[in-house]
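Residue numbers (our numbering), protein chains in the order written: chain A, 162 to 494; chain B, 162 to 494. Virtual Cβ for every residue (Gly too), placed ideally from N, Cα, C.
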């Protein structure tokens, strides 16, 4: 990634515009992930926090609050809250998925153990909760507690749905709303609530985050089949090898003839895979055009995200959020 | 357990006195552990919730609120909150401890898998959080979010402290406050807060819960060496075999000569155990009187719990709470 090119990416323009606030968020995160008694906690948290995710979710909160004219101090707390919830979820996800890599580094469950990942995740979740209580805003607490429940419910649903050929697009959407969109939408929504915006504006912010999150996750799932390993750090076909049913496969299963259905049943439902299966899966998806159809869905959700912001008056931050929606789908062909 | 004898136990008298409220709590628990989308959630939760724990923690909240003259509806929410936090902790504990049994039944991680236990625990934790937000009381939210952080911190501390011979009584107390007393004290405290009691009363309720929780955990740790397997459902020496450093051993290590220190180093710190080691451990603890000394500590904490309630005016519920403190230590000789 050259610096010139990097400067044009919307999430980097957002980061530049929100630089002072993001510095405050990072300081608050560092302060709150400390533990006087249990040094294992900051070790494990720092491993993940320092790995340099894009901090997309806290940026959404900051951008939303600023775009809505908020001038108080609590958008910093809420942004840190959102990042803590996200980090806690990642720690638990890596245990559940038995992952060995995250953001190009060994996962915490590999470097320490599953126990540490479970318990430090719990700690960060509790800390997120303390941070939001400090805002003293009950509506914000309501939104974030509901989002937390939706996230956990989506993760449990994914456990049973991911290898079940009966999983249709409706169930997929529920899982995606849980695992990704619920935190995106809550991150946007609380920015508007803390700024005292009208219900219409708050609803628009929610809708933007919801649609952006869905688009983001669909693209992630598509990248697993169409990605450039060097750019994404993921190997093509990881989801297939872990026999995870994502949108491109769900669309292919819906169009499958009997032979094709047997193929999906063997490779995904039963998880019995052989040499050449990934290539066959790609060929089947291609023959039904499901990769293109999946990308079209992602574009439609990104368009929906942009349209949601129509009630919000023009500003530099709003333009960046509009560009961000385009960028999310531009990551994949 | 005969019914005659059962009727005299203070937690059963509390259950009888709080019967209508406990029914409401159980209904709320059942309602909130449901999930429209993920049937795995109520399956796993019900396995644990139906196993029939004593519901001690929610009873403390109900007793505290009632004793303080509370007449609103939110003590039910808070009691359910406390039980959800407890249940979530148990689900994660069983994963961390790799346990196979809990309350005389196979654990959820064994019946389903670790994934389900981690994620359903997260779901219950999020649900607990929704429940307390519904009370609309920010002070209650502050208390319970702080308790959640203390619990998680204590669990992480225990990970590293449990097999470290350098763990002294001060560190043990921190672990015990985290794993047990933090929820007991918060359960009592929120009952007083919701009833609008003065700071003095709220402090007294906190102090009772804190000391009761510490006494309760010390007795649990002592029962591991002095318990009656039939009565407790635990095998004598489980903690020793899992090389967990608890108070009786910490006291024995503090009095150990060089040979004895080598013994503890091999069996606990290194976890290298042979036939006859448990008997030798019991002999060493006996020779230094550390089992008696441990019981004396439990009695002292129970006395402290009772003394804490002196600022509260006499009532039937108060008498039951006083008796409960005595009963906690009466469980072990």
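Item: With 8 Å set as the bound, which would you pick, yes or no: does the beta-carbon of residue 206/A sit closer than that to a beta-carbon of chain B?; Value: no
Item: Residue 521/B to residue 196/A, Cα distance in whole Å?; Value: Chain B is shown only over 162 to 494; residue 521/B falls outside these bounds and no answer can be derived.
Item: Residue 200/B by DSSP, collapsed to three states: which one?; Value: coil
Item: Just reading off the alpha helix (DSSP H) that residue 247/A is part of, what are its end residues?; Value: 235-258
Item: Which residues in chain A have a C-beta closer than 8 Å to the C-beta of residue 202/B? List them in chain order.; Value: 314, 317
Item: Which residues in the same chain as residue 427/A place their Cβ atom closer than 7 Å to its Cβ, once the five residues preceding and following it in sequence are excluded?; Value: 433
Item: Taking DSSP as the reference, what is the three-state secondary structure of residue 266/A?; Value: strand
Item: Taking 8 Å as the threshold (beta carbon to beta carbon), is residue 310/B in contact with chain A?; Value: yes
Item: How would you label residue 169/B, buried or exposed, when you count the other beta carbons within 10 angstroms and need 16 or more for buried?; Value: exposed
Item: Measuring only the C-alpha atoms, how far is residue 235/B from residue 344/B?; Value: 18 Å
Item: Starting from residue 185/A, follow the alpha helix (DSSP H) in both directions and report where the run begins and ends.; Value: 180-193
Item: Considering only C-alpha positions, which residue in the set 375/B, 364/B, 203/B is nearest to residue 339/B?; Value: 375/B
Item: Taking buried to mean at least 16 other C-beta atoms within 10 Å of its own C-beta, is residue 177/A buried or exposed?; Value: exposed
Item: Do we get a CB-CB distance below 8 Å when we pair residue 284/A with the residues of chain B?; Value: yes
Item: With burial defined as no fewer than 16 other Cβ atoms inside 10 Å of the residue's Cβ, what is the status of residue 472/A: buried or exposed?; Value: exposed
Item: Can you give me, in chain order, the residues of the region 265-281 of chain B that have a beta carbon less than 8 Å from any beta carbon in chain A?; Value: 275, 276, 277, 279, 280, 281
Item: Would you check if the distance between the CB atom of residue 407/B and the CB atom of residue 399/B is smaller than 8 Å?; Value: no
Item: With a threshold of 8 Å, are at least 3 pairs of Cβ atoms found where one atom belongs to the region 463-483 of chain B and the other to the region 173-188 of chain B?; Value: yes
Item: So residue 275/B is in the alpha helix (DSSP H); what residue range does that whole segment cover?; Value: 275-294
Item: Quick check on residue 438/A: does DSSP put it in helix, strand or coil?; Value: helix
Item: Rounded to the nearest angstrom, what separates residue 396/A and residue 385/A at their Cα positions?; Value: 7 Å
Item: Identify which residue in 190/B, 444/B, 453/B, 443/B has its Cα closest to the Cα of residue 244/B.; Value: 190/B
Item: Given that residue 243/B touches chain A, what residues does it touch there, using C-beta distances under 9 Å?; Value: Those do not exist, as residue 243/B stays about 14 Å from chain A at its closest Cβ, beyond 9 Å.
Item: Are the beta-carbon atoms belonging to residue 210/A and residue 248/A less than 8 Å from one another?; Value: yes
Item: Can you give the Cα-Cα distance for residue 285/A and residue 206/A, rounded to whole angstroms?; Value: 8 Å
Item: Apply the 10 Å Cβ neighbour rule to residue 474/B and answer buried if 16 or more other Cβ atoms are within range, or exposed otherwise.; Value: exposed
Item: Would you tell me roughly how many angstroms separate the C-alpha atoms of residue 266/B and residue 381/B, rounded to the nearest one?; Value: 19 Å
Item: Where does residue 215/B land, buried or exposed, given buried means 16+ other C-beta within 10 angstroms?; Value: exposed
Item: Considering Cα atoms alone, identify which of 200/B, 227/B, 364/B, 413/B is closest to residue 446/B.; Value: 413/B
Item: Is there a Cβ from chain B that is less than 8 Å from the Cβ of residue 377/A?; Value: no
Item: In chain order, what are the residue ranges of uninterrupted alpha helix (DSSP H) at least 4 long that sit wholly in the region 361-447 of chain A?; Value: 390-393, 399-402, 408-415, 419-425
Item: For chain A, is any of its Cβ atoms less than 8 Å away from the one on residue 199/B?; Value: yes
Item: Give me, in chain order, the residues of the same chain whose beta-carbon lies closer than 6 Å to that of residue 317/B; leave out the 5 immediate sequence neighbours on both sides.; Value: none
Item: Distance cutoff 8 Å, beta carbons only. Does residue 210/B sit that close to anything in chain A?; Value: no
Item: Let me see if you follow: with CB-CB separation under 8 Å, is residue 424/A close to chain B or not?; Value: no
Item: Taking DSSP as the reference, what is the three-state secondary structure of residue 358/A?; Value: coil
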